[in-house]
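Novice: Once you know that position 155 of the sequence shown is 1221 in our numbering, the rest is easy, because the numbers rise by one and skip nothing.
Even glycine gets a Cβ: it sits at the ideal position worked out from N, Cα and C.
Since the structure is predicted, the reported quantities are computational estimates derived from the model, not experimental observations.
Once you've had a glance at the structure underneath, I'll fire off some questions.
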Amino acid sequence: MEPPATPRSGQQDAGWTMPFEEIRARDLPRVGGKGANLGELASAGFPVPAGFCVTTGAYARFLEAFGDAAWLWEQLDGLDPHDLPRAQAAGARVRGRLLDVAIPAEIEAAILRAWEAAGAAHAYAVRSSATAEDLPGASFAGQQDTFLNVRGRDALLQAVRACWVSLFTDRAILYRIQGGFSHRAVMLSVVVQRMVMPDVSGILFTADPVTGHRHRMTIEASFGLGEALVSGLVTPDRYQLDKRRPGEVEIVVADKQRAIRPLPEGGTREEPLEGPARRARALGDAQIQALARLGAAIERHYGAPQDIEWCLEGGAFSVVQSRPITSLYPLPRPGRGDDRDRLRVYVCFGHLQVMTDPMPPLAAAVWRRLFPFGKQGDPAAPNPHMVEAGGRLYVDMTPLLLHPAAGKVLPRLLSAGDALAARIVREVAARPELRAEARDPGLAARTGAVLRWAAPIVGRMAGWLLFGRPEAARPRMEALIDSTVQDAASRLAAAPAGPARLRCAFGEVLGVVPPRRFRRAVPMVGAGAVAFLALGRLLREQAQPGDLEALGRGLVGNVTTEMDHAVGDLADVARPHPALVEALRAAAAGAPLDGLRARDGGPEFLRALEGFLARYGMRGPGEIDIRRKRYRDDPRLILHAVVGNLAHGEVGEERRRHARLGEQAEAAAARLVAAARRGRFGGVRALVAARLIRVARHQMALREHPKFLMMQLFELVRREVMAAGEELVRAGRLDAVDDVFFLGDEELVRGLEDPAMDLRAPVARARAELARFERMAPPKVMTSEGECPPAAHDAAGFPAGAIVGTAASAGVVEGRARVVLDPTRETLLRGEILVAPFTDPGWTPLFINAAGLVMEVGGMMTHGSVVAREYGIPAVVSATEATKRIRTGQRVRVNGELGVVEILEEDQGREAGAP
C-alpha cells in the first residue's frame, strides 16, 4: 500500500482531519481500519459516539517533520521476529527520537479546530488506527496504543503524538514482521471519539471465535470500562446464544473482582468490587436480546462475522468498534446450490492425504475433476462432494453419514486415516440437528449415487479377498497403470493444441479415463487392508506381540519403497568417490549439477540419476499439489536424501535391511499360522489365516500404486498447464508461468480463448489469499455452519509434558530429533528421529536414515505410518503441534506402542546437524 499524498500547509482541514459522518469504508487508506469501520457504522445509522479522525496524511507530515526517514527504516529493516532483544532495542531508539518531534503547526491547528467543533468540554478516547488493521486477513488488534478519558488541549495533542509513535512499539514491529507487512507501507490515523462513561462494557462476537460456529453468538461483559476486559484484569460474564433461537441463552456469571472507571479530571482508576456486586449479572435478559439484535444487524451490514466492542450507559448501547473476526476458518464453498442452507459435515482431504498445506485454485480444481464418485452421469464434471475452504479441499461426508449402514462404517474407515477426525465425525453424526437432515428428499438420491459407484468396488474386493490369486495382483496393477497412462496420453495427442487440449487434460485425462481403472485398482489394495484387519480379529488372542505388525514389513513390490531403494542405489554409485560425495553435498545446497560431471564417478552417477528420473521424476514433496516442483523439474530435490544416505552405511545396505525385514515377516507369518492351528477348528482357522496372510503380504504392497498412477496423470496435465502458462507469458498476459496455477481450470481455458480477458487481477487475488491461508491451521472436520469441533487425545496416565498421539508403528526408540518442515532443504542423518507436520511419498527417502517418526497428522493407514511399519521404525502420528513443541537436537523418546512422545532434554544438547 502506497502512503497517501501529504497535504501541505494552507490546505483546508479536511486534509488533516475527517469527521465520522464523512467517512466511509473506502476511506481506509486515509483513516485506517478502525476509523473506516467507525465511519461506516455511523453513516449506516448505528449508535456510534461522535468523533473525528486525524488522517494518515497528518501522520506522513509528522514523519516528514522528523526529517530522517532513512535512519528510521534502517533501524527496522532486517529484524528477526525471533530476536526479541534486538527488536526491543530498535523500537526504543525509534520511539525515543520520534517523541522529541513537535507536531507541525498546521496539523496541531487542524486537530484543535476539529476538537472544538466536536465539543472541547467532553472527554475523549484517543485510539490508533493503522491502515493494516481490522482487515479480513489481519486484525492488528492491540498492536498500537489507546488513551481513555482524555481531557483538555495539551492532553489531546500528547495522546495523538503518542498514538503515532506507538506504530513502533515492540509488539507492533514484531507483528508486522511476522505477518509480512512492510513497515513503510503501514500508515497510521488517530481516532478521537467522544468518551462513553459506561455502566457495563464488553465484546460481542457474532460467531463463536473458538469453534467457528457462525450461528453462535458470544457476549462478554463486565462493569465499567472495557479496558478491564481487554487487558485481562477481570474475568467477564459470558452469555452465549444461537441466532436462530435467541431466547435460549447459556449464562456464566463471573466473579468480577474489579472495574476500571473514568476520573473526573481525566484518566482512569481501578476500583475493587465488593460483596454481591462481584457476582451480579452485568446484563439482564432484555439487554442481552437487544445487544444480540444490534450485533446481528451489524453483521448483516458487513456481510461477515464481527468482533464488536460495545458500551452500555444509562440503558442505551453504543458501538465503539466493529472489526472482522480474522481468526475464523473460511466456510466451505458448497458444491451444490440446493445444499447451501442444509447442515453438512466436511472432512479435510489434506489430513487424509497427510498434506495439509493450502493449494492454489488450479490444484484444487484438478482434484475435483479426478474424484470420480457421485458425479451423476458426467465424469468430466467437477465433483460436487468435494469443496474448497481456506485453500484446502474438504469432502462432504453427509450423505454417507446419514445412511443407516454407511454411517456406521465410515467412522471406522476414517480412523485408519486419522483417529481424531473419526472421533469428531462420530460425535457430530449423532447430533439431532444432523439426523434431522435425513428427511431431505434429495439425500437418498445423492447417497444412492455414491453407493452405486462404490458397490462394484466392494464386490471386486471380496473377490480378491476370497478367491483371487494374490501373486497376480501386482502384474495386473502394473499393466492397469501402463494402459491408463497410454490411454490418457493418446487422448491428449489427438486433441488440437491450445484450449481444446487443455479441456481434454482436465475433462478426459482426469475425469473420463481414471474411474473405470480405479474401480479395478482400489479393490486389489483394499483386499490387502481388509485381510490385515481380519487377521487381527481372528488371532487377537493367540498372536505373539509384534507378529501381526511384522507382516507389514519387507513387502515386495511397494512402489514407494522401491523408490527409496533406488535412492540408496544412487548413493551407492557415489559412495566410492569422495570428491563426488563432496560435490553432491554442494549440489544439494544449491550448487549447479554440472559440476558433478567433472568428478571421478560423476558421469556414471548422472546416468543413474537419469534412470531414476525416468521412473520417478513425476514425484516430489507435497505432490498432491500439482503446482509443486517434481524431481524432474529440479533433481536437487532428491539429493538431500542421497547425501543423508551417504553419511552412514555401506554399499547395498538398504536392500539388505529390507530383505532382513522380509525374512522376519515370513517367520512371523509361520508363527501366526501355527497359532491359528491351536484350539477348536484349528485346521480351518489355519487355512483362513494362511489365506489372509497371502493376500495381506502381496496386496498391501500395492497400497501406493493408485497414487503412483495419479501422479503420472498429473504429470500429463501439468505439462499442458505449463505450456499454457508459457503461451500466456509470451503474449504478455501473465508475468510468470507459475501464475497459471492461481487460476481455476475453466478460468484458464477461457483465458486462452479470450485475449481480452484480464488474468493478472485474479492471479493477484489468489496469491494474496494463499498467503493468508498459509497462516491458518485447517480443521480436520468442519460443518457448513463453520463449526470446527475440537478433539484431543486422552493424556491421562502419561508423563507430564508428553505429546500424546496415535500409535502407528510399534517399538520404542530414543534419539536426537530433527524437525523437518521442508524435505527439499533438510538432510536427515542416520539415527535421528524425523519430526514432521506430515509426510507423503516425496518425503520417504528421508525414512532410510530415520530411527523413528513423529507426525502432526495421520492415522494407522496413512502413508507415513505404513512406511514406518514396513521399515520397522517406531512411529507416533496425529501428535498435535509436535513441530512446535520439539526442537531439532533435543533428545526424545518415541513410544510407537503407546502413541506417546517424551522430550528427555529441554536443551538442544548439541548443535543441529552434528552427527
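Classify residue 1466: buried if its beta carbon has 16 or more other beta carbons within 10 angstroms, exposed otherwise.
Specialist: So residue 1466 ends up on the buried side.
Novice: On the criterion of 16 or more Cβ atoms from any shown chain inside 10 Å, does residue 1736 qualify as buried, or is it exposed?
Specialist: So residue 1736 ends up on the exposed side.
Novice: Pick out the complete beta strand (DSSP E) segments inside the segment 1342-1429, 3 residues or longer, and give them in chain order.
Specialist: Counting only runs of 3 or more, we get 1372-1379, 1382-1390 and 1411-1414.
Novice: Does DSSP put residue 1641 in a helix, a strand or coil?
Specialist: In the structure shown, residue 1641 sits in coil (DSSP, three-state: anything other than H, G, I, E or B).
Novice: According to DSSP, is residue 1475 helix, strand or coil?
Specialist: Residue 1475 falls in the helix class under three-state DSSP.
Novice: Rounded to the nearest angstrom, what separates residue 1951 and residue 1543 at their Cα positions?
Specialist: C-alpha separation (whole angstroms): 42 Å.
Novice: For the alpha helix (DSSP H) containing residue 1956, list its first residue and its last residue.
Specialist: That residue, residue 1956, is in no alpha helix (DSSP H); it is neither H nor E in DSSP.
Novice: Return yes when at least one heavy atom of the ligand ADP lies under 7 Å from the C-beta of residue 1965, else no.
Specialist: Absence of the ligand ADP is noted for the structure shown, with no ligands found whatsoever.
Novice: Is DSSP giving residue 1848 helix, strand or coil here?
Specialist: Residue state, collapsed to three classes: strand.
Novice: Within the same chain, show all residues whose beta-carbon is closer than 8 Å to that of residue 1787, passing over the 5 residues directly before and after it, in chain order.
Specialist: Hits under 8 Å: 1428, 1568, 1571, 1692, 1806, 1807 and 1814.
Novice: Between which two residues does the beta strand (DSSP E) containing residue 1914 stretch?
Specialist: Element bounds for residue 1914: n/a, residue is neither H nor E.
Novice: Hey, which unbroken runs of the alpha helix (DSSP H) at 4 residues or more fall wholly within the segment 1697-1778?
Specialist: DSSP runs (the alpha helix (DSSP H)) wholly in the segment 1697-1778: 1702-1712, 1719-1743 and 1748-1765.
Novice: Ignore the nearest five residues each way along the sequence and tell me which others in residue 1639's own chain have a CB closer than 8 Å to its CB.
Specialist: Contacts found: 1667, 1670, 1671 and 1674.
Novice: If we count the other Cβ atoms within 10 Å of its Cβ and call it buried at 16 or more, is residue 1204 buried or exposed?
Specialist: At residue 1204 the pLDDT is 46, less than 50, meaning the model places this residue with poor confidence and gives no usable figure here.
Novice: Out of curiosity, what's the CA-to-CA distance linking residue 1970 and residue 1554?
Specialist: Approximately 52 Å, taken between the alpha carbons.
Novice: Answer yes or no: do residue 1685 and residue 1776 have a C-beta to C-beta separation smaller than 8 Å?
Specialist: Going by C-beta atoms, residue 1685 is not nearer than 8 Å to residue 1776.
Novice: Should the segment 1785-1800 be regarded as contacting the segment 1819-1831, the criterion being three or more beta carbon pairs within less than 8 Å?
Specialist: They touch, by the three-pair rule.
Novice: Checking the sheet assignment: what are the DSSP bridge partners for residue 1084?
Specialist: Answer by DSSP bridge pairing, in chain order: 1119.
Novice: Compute the Euclidean distance between the alpha carbons of residue 1301 and residue 1322, then round it to the nearest angstrom.
Specialist: Going from the Cα of residue 1301 to the Cα of residue 1322 covers about 6 Å.
Novice: With DSSP as the reference, label residue 1943 as helix, strand or coil.
Specialist: Of the three classes helix, strand and coil, the one that applies to residue 1943 here is strand, per DSSP.
Novice: Determine the contact status of residue 1214 and residue 1228, defining contact as a CB-CB distance below 8 Å.
Specialist: For residue 1214 and residue 1228, no; Cβs fall outside 8 Å.
Novice: So residue 1141 is in the alpha helix (DSSP H); what residue range does that whole segment cover?
Specialist: Run containing residue 1141: 1135-1142, per the alpha helix (DSSP H) assignment.
Novice: Return the first residue and the last residue of the alpha helix (DSSP H) that residue 1921 is part of.
Specialist: Looking at the DSSP string, residue 1921 is not in any alpha helix (DSSP H); the run it does join, the beta strand (DSSP E), is 1918-1921.
Novice: Using DSSP with H/G/I as helix, E/B as strand and the rest coil, what is residue 1904?
Specialist: Coil.
Novice: Can you check DSSP and say which residues form a bridge with residue 1328?
Specialist: Paired residue(s): 1334.
Novice: I believe residue 1135 touches residue 1129 by the beta-carbon criterion, under 8 Å. Please report the beta-carbon distance rounded to the nearest angstrom.
Specialist: Contact flag correct, Cβ pair sits at about 6 Å.
Novice: Of all the alpha helix (DSSP H) runs that stay within the bounds of the segment 1810-1854, which reach a length of 4 or more residues?
Specialist: Within the segment 1810-1854, the complete alpha helix (DSSP H) runs of at least 4 residues are 1811-1819 and 1826-1839.
Novice: With DSSP as the reference, label residue 1265 as helix, strand or coil.
Specialist: Coil, per DSSP.
Novice: Considering only their Cβ atoms, is the gap separating residue 1484 from residue 1944 smaller than 8 Å?
Specialist: For residue 1944 and residue 1484, yes; Cβs fall inside 8 Å.
Novice: I'd like the list of long-range same chain contacts for residue 1637, defined as Cβ closer than 6 Å, with 5 residues on each side in sequence excluded.
Specialist: Excluding residues within five positions, the ones whose Cβ falls inside 6 Å are 1708, 1711 and 1712.
Novice: Looking at the structure shown, is residue 1687 part of a helix, part of a strand, or coil, going by DSSP?
Specialist: Residue state, collapsed to three classes: coil.
Novice: To the nearest angstrom, how far is it from the Cα of residue 1255 to the Cα of residue 1161?
Specialist: Rounded to the nearest angstrom, the two C-alpha atoms are 17 Å apart.
Novice: Would you check if there are 3 or more beta carbon pairs closer than 8 Å linking the segment 1957-1966 to the segment 1864-1874?
Specialist: Contact between the segment 1957-1966 and the segment 1864-1874 is present, because at least three Cβ pairs lie under 8 Å.
Novice: Measure the C-alpha to C-alpha separation of residue 1601 and residue 1527 and round it to an integer number of angstroms.
Specialist: If I take the Cα positions, the gap works out to 16 Å.
Novice: Which residues in the same chain as residue 1933 place their Cβ atom closer than 6 Å to its Cβ, once the five residues preceding and following it in sequence are excluded?
Specialist: Closer than 6 Å at Cβ, skipping near neighbours: 1910 and 1913.
Novice: Would you kindly report the start and end of the unbroken alpha helix (DSSP H) that includes residue 1500?
Specialist: Here the alpha helix (DSSP H) through residue 1500 covers 1498-1501.
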